Amino acid sequence: MDLDPYVVLAHWLDNTPLADRTDEDYDTEVRDWIAYAGRHVWTAQPADVARWANRARAERTIARRVSSVRGFYAHAQKLNPAQHNPALKQLRPDVTALPPGRPPLDPPTTALFVSALDRYRGPQPERARALGYLILGIEHLRAHQAVALDLADLVREQHRHTARVELKGGGTRFLEVPPATVLAVNDYLPHRKTRAPDSTDETGPLLTSNNGRRLDGHTTPTTILRAVAATHPLLAELGTAITSDALAATPSPWPLATRATRATEPDTP
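Residue numbering for the sequence shown follows my numbering, starting at 11 and increasing by one per position.
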């Protein structure tokens, strides 16, 4: 069964909850791929995807290209189960091992940003503060890992709190949560938006959107954090440049008495 690739693309984007910027990026990349593949779009092989993706120089761009095309073909398989997916997972570079796109904040700027989080009164201020405290407070926590946290992933262990964090290659590890971060999350919970079946007061994602769904981890955290920075008079320039990766690379302003627990559970499928 031949499918119109542009119809498949439109159907995929219309039926997949993505942030506006992610939606635009995926649309741009897949359209470029369709034009590149031409009449071979449904018979393309992994080598074809690799050649196209590697026309970009930056590994993060290559990773985005492979992810975009992989999602496109995964949706096509729902419409035509016989369709294969040439955008193999191993074609995507491991961008988690790359340095962040922006340098970490220095201690004075970190203090100003924490102040901005505490003072922020924009949309869902308690959620913005919890997000910032999670990324800053938990050692090396990336935005997509913060967004992936469920309520059940926050664990109290005697006199400390830990968070069960998903690893990109599978499995989890437990990281200690500083008291300041615990308090910020507790302040947010009474204001957390829920809507069954995606979330309830006791279950579902920790950080939710206005409709009670999990936030998009690619662009939403950076958008929120930039909005916070933009409200502080001494962080005007940072408001347009800060990234969640930069915060993840920033030393925690709330150092722990003990190091984070790094026990890794077996890989999950």
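A virtual CB, placed ideally from N, CA and C, is assigned to each residue, including glycine. Since we're looking at a predicted model, the values are computed, not measured.
- Boundaries of the alpha helix (DSSP H) harbouring E136: 135-147, taken from the DSSP string.
- A contact is defined here as three or more CB-CB pairs under 8 Å, and the segment 46-54 fails this definition with respect to the segment 67-76.
- Between H85 and A60, the alpha-carbon positions lie close to 20 Å from each other.
- Straight through space, the alpha carbons of T210 and R223 are spaced by roughly 10 Å.
- T182 carries a strand assignment under DSSP once its states are collapsed to helix, strand and coil.
- By alpha-carbon distance to D197, the top candidate from Q134, G249, F82, G81 is Q134.
- Going by beta carbons, L146 and L235 fall outside the 7 Å limit.
- Bridge pairing for V59: absent [DSSP].
- Proximity to H50 across H94, P263, Y143 peaks at H94, based on C-alpha coordinates.
- Membership of R202 in any beta strand (DSSP E) is not indicated, and neither H nor E is assigned to it by DSSP.
- According to the DSSP assignment, T230 belongs to the alpha helix (DSSP H) that extends over 230-240.
- For T120, the uninterrupted alpha helix (DSSP H) segment begins and ends at 117-129.
- Using a Cβ distance threshold of 7 Å, S78 and V40 count as a contacting pair.
- Membership of R166 in any alpha helix (DSSP H) is not indicated; the residue belongs instead to the beta strand (DSSP E) covering 164-167.
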